[in-house]
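This report concerns only the one structure given below.
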Amino acid sequence: MGPLRLIILAILVYVGYRLLVGGRKKKKQAGKEKSAVGGSAAVTDVLVEDPVCHILVPKGQAIHLQHQGKMVYFCSENCCNTFIEKGKEA
Ligand SMILES: [Zn+2]
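Sequential numbering of the sequence shown, starting at 4, is according to my numbering.
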C-alpha cells in the first residue's frame with residue numbers, strides 16, 4: 004500500500020501544479036484583455052441616454068441623430084428609427 008499512496012500523492016501534486024500554472028497563464032491573458040478594453044473605453048467614456056429605451060450608451064458607440072438642433076444618441080439604429088417614427092406621428 005505504501006508505494007501506491009506515494010504514486011497517488013505524486014499524481015495529485017502534479018495535477019495541482021499543472022492547474023496552478025495553467026490558472027496563472029489564463030489569469031495573465033484575461034488581465035491583458037481587460038486592460039485593452041479599459042484603454043479603449045477610457046476614450047469613449049462619456050455615457051449618453053437613449054431617449055427610446057433609456058439605456059446609457061458610450062458616446063463613441065452610440066448612433067447620432069441631429070434632431071431639432073439637438074444631438075440625440077441611441078443604442079442602436081432600431082431605437083433611432085423608433086424615435087424618428089414617433090417624431091413623425093407627433
Ligand atoms: Zn435603445
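We put the beta carbon where it would ideally sit given N, CA and C, even for glycine.
In DSSP terms, what residue i is bridged to
{"i": "F77", "result": "I66"}
{"i": "V51", "result": "V60"}
Any non-hydrogen atom of ligand 1 closer than 8 Å to residue i Cβ
{"i": "I87", "result": "no"}
{"i": "V51", "result": "no"}
{"i": "N81", "result": "yes"}
{"i": "V55", "result": "yes"}
{"i": "I11", "result": "no"}
{"i": "I14", "result": "no"}
Inter-residue CB distance, residue i and residue j (contact presumed, cutoff 8 Å)
{"i": "I66", "j": "E80", "result": "6 Å"}
{"i": "V75", "j": "K62", "result": "Incorrect: roughly 12 Å between the Cβ atoms, too far for contact."}
{"i": "D48", "j": "C78", "result": "In fact, because the Cβ distance is near 16 Å, the residues do not count as touching under 8 Å."}
Spatial neighbours of residue i in its chain, beta-carbon cut-off 6 Å, leaving aside the 5 residues before and after
{"i": "C56", "result": "C82"}
Which of helix, strand or coil DSSP assigns to residue i
{"i": "G5", "result": "helix"}
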